[in-house]
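Protein chains in written order, with our numbering: chain A, 1 to 307; chain S, 1 to 273; chain Y, 1 to 295.
Using N, Cα and C, we set each Cβ at its ideal position, and we do this for glycine too.
Encoded as structure tokens, the structure appears first; notes follow it.
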């Protein structure tokens with residue numbers, strides 16, 4: 001009537017206990033992890049080899065590709081494959097967008113955490129979340145129908161310009177920067193504030209001399225993440241930037257970025273042609289840049305841990 | 001195990017399941033050392049834990065008593081970097097060994113925690129959750145075990161009309177008795193209690209203490225407690241731990257009236273800890 | 001300038017920034033809804049789009065958007081939740097786990113156009129499928145997977161430890177504990193995160209341009225045979241989604257009523273995303289209440 005099985009039979013691991021649901025479950029979740037690893041590796045390998053083809057197979061010079069400003073792949077006699085204008089365009093809109101979005105985003109974060117911590121967050125947080133929710137094509141569409149004509153009529157130029165691109169991108173990355181900056185500011189220990197106020201500092205002095213320096217690595221992370229998003233954004237920029245192959249002379253000139261050229265030409269170039277392959281090489285630059293942003297963010301977070 | 005569980009409800013629940021009057025040990029601890037990474041939390045202790053009795057582990061915080069308790073049903077496995085040396089013999093097997101089926105072990109050596117931790121399910125499901133996993137599916141059998149274990153945990157009269165309400169609707173003391181009921185429903189041989197009454201009000205505390213004394217006839221109980229009065233009220237033997245060492249282990253009466261080691265005397269008279 | 005004045009000016013600037021952010025959102029929403037609602041009608045939602053003439057609707061695009069979203073979630077949720085469980089419950093600190101984290105980080109920081117290119121290379125060209133719903137859904141899976149994994153991992157880590165210990169101490173296996181105790185407790189957060197992710201997937205266009213394509217074959221909604229070319233359910237047909245439609249009519253379209261079609265589509269798109277957001281909050285708090293409620 002008591003335990004019918006011996007202690008060995010009850011308590012030692014057996015084949016049955018090893019191959020039960022526990023095993024199947026563990027197998028399933030490990031499989032999921034393997035899928036994620038394979039996806040990341042596959043993307044790197046596929047886009048890496050495909051992106052190098054224009055140099056290895058088609059004999060395009062890497063140096064020319066990266067440093068020439070002449071882009072004319074369809075010229076049969078004398079094709080030119082310089083993508084510097086697009087690289088420049090990508091970096092230009094990214095930095096310009098960050099230049100607008102960073103002060104606004106960090107300012108918004110400070111408003112939520114320091115100026116009006118009780119109700120400011122309740123009001124601004126949902127607003128920021130709603131901004132995140134607006135799809136990028138909608139930003140592009142509004143940029144195209146509102147911003148471009150507005151700039152054409154009030155500022156000058158065609159309207160399709162670096163300026164339009166940077167404004168659209170700035171609004172798109174504003175929520176990213178605001179959210180992360182808010183988290184950074186609100187996770188600062190309260191004794192920093194109390195200590196500063198106790199010394200008779202005003203709120204602005206506290207923010208400028210104590211809080212912002214303390215949160216600086218996280219605030220930089222916020223800006224870098226925003227820039228990473230801006231650098232990779234394709235459709236919204238493509239709709240407003242004008243997509244010309246020349247280097248812009250002013251902020252009101254039309255321009256192009258790596259993503260906009262890919263968006264525009266991938267669909268109607270022949271797969272495997274030199275021009276098509278150079279588009280894949282531009283994709284590889286985007287991939288490498290997104291790795292670079294990851295490294296930069298890791299560097300910043302290691303500095304944050306050191307503090 | 002499954003057959004054993006199925007059979008056991010036919011037993012007379014009021015009669016002790018172990019008829020041995022002679023004090024026989026259920027767990028033998030030999031030179032047990034427990035490490036958290038580099039740090040040693042328990043420094044080679046040896047003791048016999050007796051069947052059908054209440055063994056209290058006392059000592060100041062951080063003395064290793066909870067660590068020791070959690071090693072008896074291998075809950076320490078959950079803490080990354082922790083490992084144990086030495087042995088704890090149960091039913092002739094070293095339960096610290098690699099080839100022990102930890103899940104099966106925990107069915108026989110149950111544990112009740114400091115903070116009541118019922119599942120966010122109904123009172124009824126809290127008890128049937130593990131039973132169903134152990135293979136008992138029949139509704140009538142489940143009903144029977146639920147009632148039996150709630151009665152044994154002195155909770156039945158308070159909850160019999162609302163078995164399907166959320167366990168969170170119970171008071172802290174009731175929740176803790178539910179956790180005990182859920183553990184004894186598995187009919188373990190040993191019940192480990194980690195300061196089970198410390199989070200409770202005095203009345204609930206008294207109820208849980210009565211319950212523990214009551215359970216002794218069917219189970220071997222090891223309890224960690226901070227509360228010296230509690231140890232002296234409910235336990236048969238008491239072990240005093242300090243800095244990972246077992247300082248003294250004897251009959252509770254002896255420990256509290258005439259301890260042999262000075263440190264024990266100092267601790268129980270409240271001079272430190 | 002004394003410090004009091006500086007403080008007052010700074011406060012003014014911060015308030016101005018808050019007002020600017022609010023004004024941006026208000027302006028966008030005002031524009032989207034005021035312009036969009038004019039064009040949304042039952043007809044607009046139920047007629048197929050036209051490539052050349054005015055008066056086209058968005059019936060197929062709307063269906064395609066939801067259908068691709070559905071297929072994407074069907075693939076992403078099991079893998080993502082499984083991956084999240086692995087990270088929260090099985091991964092041991094060490095090199096392998098660090099590597100998996102790096103992979104997740106890489107996937108989540110890839111620009112969606114790059115994911116679209118990967119999709120084009122693998123799910124369109126290598127497989128020989130051409131532009132398909134399945135290819136689009138797989139590209140969106142790459143895009144969506146990191147979000148679901150993180151949501152799940154965070155949700156599981158937020159489950160109180162004592163619940164897990166309680167279950168394990170009763171002799172229940174780790175996997176059964178995950179299935180019956182941890183996942184149910186984490187479910188509201190996972191669901192909320194999944195719906196928010198769905199909103200993001202719904203509005204995504206760049207990853208779909210080269211995977212699901214810019215066109216939709218003539219669909220017969222009475223045809224439910226998923227292997228028929230005209231069936232809306234066929235996952236091996238090209239499918240232009242609503243977000244892609246907004247882009248394509250604006251940049252390559254010939255229709256005269258571009259503005260009307262895209263305003264209407266944008267409003268429908270934003271409303272859909274809003275509904276996803278509200279649903280996520282509402283369902284999350286509902287379930288939370290039901291689980292913790294004392295009857």
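Minimum Cβ-Cβ distance from residue i to chain A less than 8 angstroms
| i | result |
| --- | --- |
| residue 105 of chain S | yes |
| residue 132 of chain Y | no |
| residue 153 of chain Y | no |
| residue 101 of chain S | yes |
| residue 149 of chain Y | yes |
| residue 229 of chain Y | no |
| residue 72 of chain Y | no |
| residue 3 of chain Y | yes |
| residue 12 of chain Y | no |
Neighbour list for residue i in chain C, Cβ cutoff strictly below 8 angstroms
| i | result |
| --- | --- |
| residue 271 of chain A | Within the model displayed, chain C is absent; protein chains A, S and Y are what it includes. |
Chain S contact for residue i (CB, 8 angstroms cutoff)
| i | result |
| --- | --- |
| residue 92 of chain Y | yes |
| residue 76 of chain Y | no |
| residue 319 of chain A | The question about residue 319 of chain A has no answer here: the residues shown for chain A are numbered 1 through 307. |
| residue 89 of chain Y | no |
| residue 172 of chain Y | yes |
| residue 107 of chain Y | no |
| residue 360 of chain Y | Residue 360 of chain Y is absent from the model: chain Y starts at 1 and stops at 295. |
Whole-Å CB distance - residue i paired with residue j, under 8 angstroms assumed
| i | j | result |
| --- | --- | --- |
| residue 169 of chain A | residue 151 of chain A | Their Cβ separation, rounded to whole angstroms, is 15 angstroms, which puts residue 169 of chain A and residue 151 of chain A out of contact at 8 angstroms. |
| residue 159 of chain A | residue 146 of chain A | The Cβ separation is near 10 angstroms, so there is no contact. |
| residue 73 of chain S | residue 82 of chain S | Residue 73 of chain S to residue 82 of chain S, Cβ: 14 angstroms. No contact. |
| residue 165 of chain A | residue 93 of chain A | 4 angstroms |
| residue 284 of chain A | residue 82 of chain A | Not confirmed; about 16 angstroms, so no contact. |
| residue 239 of chain S | residue 55 of chain S | 7 angstroms |
| residue 18 of chain Y | residue 133 of chain A | Rounded, the Cβ-Cβ distance is 19 angstroms, inconsistent with contact. |
| residue 65 of chain A | residue 281 of chain A | 6 angstroms |
| residue 128 of chain S | residue 150 of chain S | Their Cβ separation, rounded to whole angstroms, is 12 angstroms, which puts residue 128 of chain S and residue 150 of chain S out of contact at 8 angstroms. |
Pairwise C-alpha distance: residue j and residue i
| i | j | result |
| --- | --- | --- |
| residue 106 of chain A | residue 70 of chain A | 39 angstroms |
| residue 264 of chain Y | residue 112 of chain Y | 25 angstroms |
| residue 224 of chain S | residue 216 of chain S | 15 angstroms |
| residue 192 of chain A | residue 224 of chain A | 25 angstroms |
| residue 86 of chain Y | residue 189 of chain Y | 17 angstroms |
| residue 99 of chain A | residue 180 of chain A | 17 angstroms |
| residue 218 of chain S | residue 52 of chain S | 6 angstroms |
| residue 258 of chain Y | residue 35 of chain Y | 13 angstroms |
| residue 39 of chain S | residue 196 of chain Y | 44 angstroms |
| residue 84 of chain Y | residue 36 of chain A | 11 angstroms |
| residue 203 of chain A | residue 15 of chain Y | 14 angstroms |
| residue 133 of chain Y | residue 43 of chain A | 20 angstroms |
| residue 12 of chain A | residue 96 of chain S | 11 angstroms |
C-beta neighbour in chain Y for residue i, strict 8 angstroms
| i | result |
| --- | --- |
| residue 135 of chain S | no |
| residue 227 of chain A | no |
| residue 241 of chain A | no |
| residue 115 of chain S | yes |
| residue 31 of chain S | no |
Three or more C-beta pairs below 8 angstroms linking the stretch 64-72 of chain S and the stretch 240-253 of chain S: Enough Cβ pairs lie closer than 8 angstroms, so yes.
Residues in the stretch 140-166 of chain S with C-beta within 7 angstroms of chain Y's C-beta atoms, listed in sequence order? Taking 7 angstroms as the Cβ-Cβ cut-off against chain Y, the residues of the stretch 140-166 of chain S that qualify are 165 and 166.
Using a Cβ-Cβ cut-off of less than 7 angstroms, list which residues of the stretch 239-252 of chain Y approach chain A; keep chain order. Taking 7 angstroms as the upper bound on Cβ-Cβ separation, chain A lies near residues 243, 246, 247, 250 and 251 of the stretch 239-252 of chain Y.
Chain S contacts made by the stretch 186-204 of chain Y, where a contact means CB separation under 7 angstroms: Listed by position along the chain: nothing, the set is empty.
Okay, do the stretch 83-94 of chain S and the stretch 155-171 of chain S touch, 3+ Cβ pairs below 8 angstroms being the bar? Three or more beta-carbon pairs separated by less than 8 angstroms are not found between the stretch 83-94 of chain S and the stretch 155-171 of chain S, which leaves the two stretches without contact.
Between the stretch 163-187 of chain S and chain Y, which residues of the former have CB atoms less than 8 angstroms from a CB of the latter, in chain order? In summary, the residues of the stretch 163-187 of chain S whose CB is separated from some CB of chain Y by less than 8 angstroms are 165, 166, 168, 169, 179, 182, 183 and 186, in the order they occur in the chain.
Closer than 9 angstroms between beta carbons: that is the criterion. Which residues of the stretch 152-174 of chain A meet it against chain Y? Listed by position along the chain: 171 and 174.
Could you say if the stretch 106-113 of chain S and the stretch 128-146 of chain Y meet the contact criterion of at least three C-beta pairs nearer than 8 angstroms? Contact fails: fewer than three Cβ-Cβ distances are below 8 angstroms.
Using Cβ-Cβ distances below 8 angstroms, what residues of the stretch 24-54 of chain A are close to chain Y? Against chain Y - using a Cβ distance shorter than 8 angstroms - the residues of the stretch 24-54 of chain A are 24, 25, 26, 28, 29, 30, 31, 32, 33, 35, 36, 37, 39, 40, 41, 42, 43, 44, 46, 47 and 50.
Contact list for the stretch 198-213 of chain A against chain S, Cβ threshold 8 angstroms: Listed in sequence order: no entries.
With a cut-off of 8 angstroms, do at least 3 Cβ pairs link the stretch 120-137 of chain Y to the stretch 17-34 of chain A? Judged by Cβ distances under 8 angstroms, the stretch 120-137 of chain Y makes no contact with the stretch 17-34 of chain A, as fewer than three pairs qualify.
Please list the residues of the stretch 80-96 of chain S that have a C-beta atom closer than 7 angstroms to any C-beta atom in chain A, keeping them in chain order. Along the stretch 80-96 of chain S, the positions whose C-beta sits under 7 angstroms from a C-beta of chain A are 91, 92 and 93, read in chain order.
For the stretch 129-145 of chain A and the stretch 219-239 of chain A, state whether three or more C-beta atom pairs, one from each stretch, are separated by less than 8 angstroms. With the rule of 3 Cβ pairs closer than 8 angstroms, the stretch 129-145 of chain A counts as touching the stretch 219-239 of chain A.
Select from the stretch 275-300 of chain A all residues with a C-beta closer than 8 angstroms to any C-beta belonging to chain S, and list them in chain order. Here the close residues number zero.
Stretch-stretch touch, CB-based, cutoff 8 angstroms, three pairs: the stretch 159-168 of chain Y with the stretch 227-247 of chain Y: Segments in contact, no.
When the Cβ atoms of the stretch 48-67 of chain Y are set against those of the stretch 76-96 of chain Y, are three or more pairs found closer than 8 angstroms? When C-beta atoms of the stretch 48-67 of chain Y are compared with those of the stretch 76-96 of chain Y, fewer than three pairs fall below 8 angstroms, so the two segments do not count as touching.
Three or more beta-carbon pairs under 8 angstroms between the stretch 247-260 of chain A and the stretch 75-90 of chain A, yes or no? Look at the beta carbons and you see the stretch 247-260 of chain A touching the stretch 75-90 of chain A: at least three pairs across the two are nearer than 8 angstroms.
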